[in-house]
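**Q** Can you read through this structure? Questions will come right after.
Protein chains in written order, with the numbering used here: chain A, 1 to 221; chain B, 1 to 181.
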């Protein structure tokens with residue numbers, strides 16, 4: 001390979017943010033444990049497609065992965081000036097049958113949504129999630145408006161306890177952080193089973209959809 | 001590297017392949033160009049040029065590179081199928097291995113591996129024991145890497161509609177990079 005090719009490739013890697021920081025995660029291992037015991041769990045990934053994640057979840061965990069990159073949907077609505085249509089768009093965004101998904105990787109997508117959009121998205125995610133299914137989501141607790149240029153993040157699985165954060169340019173900045181109570185209400189009736197606040201001011205939350213037995217008990221009670 | 005022009009120059013004339021040729025049952029080929037067979041490294045590789053449009057079913061037992069357009073169904077169950085940077089496929093694909101540098105719209109079943117390289121685009125469901133997706137690749141659909149995929153199913157997964165426009169192409173010099181794993 002020519003020297004110029006090496007430099008060109010290095011620049012491209014830098015531009016893509018391929019060398020993002022690796023941070024510990026407490027929630028991923030719990031998420032994977034929540035999928036345990038299922039023959040071939042079906043995962044819904046709402047982030048951009050990431051090769052190492054497909055390998056990790058597909059080969060190592062044995063999941064079937066559905067990739068539905070919502071950041072592209074947000075970008076498209078922003079660039080077309082149709083952001084007000086985003087809530088209605090989410091109503092028809094997911095073709096999956098109800099209660100067919102074992103786990104949802106929501107990553108930090110909710111941080112980029114206004115309240116109506118977040119509510120409509122959450123409604124759909126609650127619909128497609130199976131009873132006892134799990135949903136992983138990250139929520140920022142820092143003021144996002146201090147950043148001049150909007151960026152999204154690719155969350156690359158390094159191992160069960162580490163994620164690499166690769167930033168890349170986006171069109172929409174993070175919105176006002178949600179309070180704990182807002183997060184809980186947004187995803188009700190899902191239950192928060194794990195909630196970690198990391199040193200990076202990121203809140204990692206694991207939700208679980210109540211099983212049929214729990215639903216029946218709640219209805220009876 | 002120094003003889004790149006010669007390496008990519010399409011050959012003309014009759015097929016030189018020693019193995020069974022790639023067969024196509026197609027209609028509406030829009031060009032006088034024929035599939036262009038070449039021999040590289042002692043292995044048969046057939047090239048479908050970028051001006052060729054095939055509508056129908058494409059079967060074969062040689063490695064195949066497609067730079068043109070194919071609509072319908074492609075079956076290369078024992079061979080490697082490469083979709084070049086100019087290739088546009090709207091078809092169900094069955095192959096031993098699939099390497100995508102262009103656009104594929106349709107479900108893919110590969111018994112060995114699927115690679116979507118930088119600039120490559122796949123809209124559809126993938127069934128393969130190994131899948132490598134490079135940074136800069138576009139993918140929308142599902143990935144099923146279960147070992148039961150070693151034999152293509154009689155009833156392939158349901159076709160997904162393409163809901164988004166494909167990702168923009170990148171220059172050919174970039175898509176030649178190996179997939180990052």
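Even for Gly, the Cβ is constructed at its ideal location relative to N, Cα and C.
Model, not experiment: these values are computed from the prediction.
1. Name the one or two DSSP bridge partners that residue 72/B has.
2. At a CB-CB cut-off below 7 Å, which residues of chain B make contact with residue 229/A?
3. Quick check on residue 100/A: does DSSP put it in helix, strand or coil?
4. Identify which residue in 146/B, 108/B, 130/B has its Cα closest to the Cα of residue 122/B.
5. Scan the segment 48-59 of chain A for residues whose Cβ lies nearer than 8 Å to a Cβ of chain B and list them as they occur along the chain.
6. List, in chain order, every chain B residue whose beta-carbon is nearer than 8 Å to that of residue 62/A.
7. Check the Cβ of residue 40/A against every Cβ in chain B and list those closer than 7 Å, keeping chain order.
8. Under 8 Å: do the segment 57-64 of chain A and the segment 119-127 of chain A share three or more Cβ pairs, one atom per stretch?
9. For residue 162/A, report the span of its alpha helix (DSSP H) as first-last.
10. What are the complete alpha helix (DSSP H) segments, minimum 4 residues, inside the segment 25-97 of chain A?
11. DSSP on residue 153/B, reduced to helix/strand/coil?
12. Going by beta-carbon coordinates alone, are residue 80/B and residue 68/B separated by less than 8 Å?
13. Between which two residues does the alpha helix (DSSP H) holding residue 128/A run?
14. Are the Cβ atoms of residue 31/A and residue 163/A separated by less than 8 Å?
15. For a contact defined as C-beta to C-beta under 9 Å, what are the partners of residue 123/B on chain C?
16. Applying the criterion that 16 or more other CB atoms from any shown protein chain within 10 Å of the CB defines a buried residue, is residue 108/A buried or exposed?
17. Check whether the Cβ of residue 132/A lies closer than 8 Å to any Cβ atom in chain B.
18. Counting along the chain, where does the beta strand (DSSP E) carrying residue 66/B start and finish?
**A** Once the coordinates are examined:
1. Counting from one through the second chain, the residue named residue 72/B turns up at place 72. BP columns for residue 72/B point to 56/B, 91/B.
2. Summary: the structure shown does not reach residue 229/A, with chain A confined to residues 1 through 221, and so no result is reported for it.
3. By 1-based counting over the first chain, the position of residue 100/A is 100. DSSP places residue 100/A in coil when its eight states are reduced to three.
4. As a first step, residue 122/B is located in the second chain; it is residue number 122 there, counting from the start. The residue with the shortest Cα to Cα distance from residue 122/B is 108/B.
5. 49, 50, 51, 52, 54, 55, 58, 59
6. Here the question's residue 62/A lines up with position 62 in the first chain. In chain order: 145, 146.
7. Residue 40/A sits at position 40 when you count from the first residue of the first chain. By Cβ distance, chain B contributes 146.
8. no
9. Walking along the first chain from the start, residue 162/A turns up at place 162. Counting along the chain, residue 162/A falls outside any alpha helix (DSSP H), though it belongs to the beta strand (DSSP E) covering 162-169.
10. 27-34, 51-55, 70-79, 86-91
11. As a position in the second chain, residue 153/B is number 153, starting the count at 1. Residue placement at residue 153/B is flagged as unreliable, the pLDDT there being 41, under the threshold of 50; a coordinate-derived value is accordingly withheld.
12. Start at 1 with the first residue of the second chain, and residue 80/B comes out as number 80. Start at 1 with the first residue of the second chain, and residue 68/B comes out as number 68. No; because the gap between Cβ atoms is not below 8 Å, this pair is not in contact.
13. Sequence index remark: in the first chain, residue 128/A carries index 128 (1-based). Looking at the DSSP string, the run of the alpha helix (DSSP H) that includes residue 128/A is 115-128.
14. Sequence index remark: in the first chain, residue 31/A carries index 31 (1-based). Sequence index remark: in the first chain, residue 163/A carries index 163 (1-based). Cβ distance not < 8 Å, so residue 31/A and residue 163/A don't count as in contact.
15. No chain C is present in this structure, whose protein chains are A and B.
16. Counted from its first residue, the first chain places residue 108/A at position 108. Classification of residue 108/A: buried, given that the 10 Å Cβ count is 16 or more.
17. Start at 1 with the first residue of the first chain, and residue 132/A comes out as number 132. By this cut-off, residue 132/A is not an interface position.
18. In the second chain, residue 66/B corresponds to position 66, counting from 1. Taken as a continuous stretch (DSSP letters only), the beta strand (DSSP E) holding residue 66/B covers 63-66.
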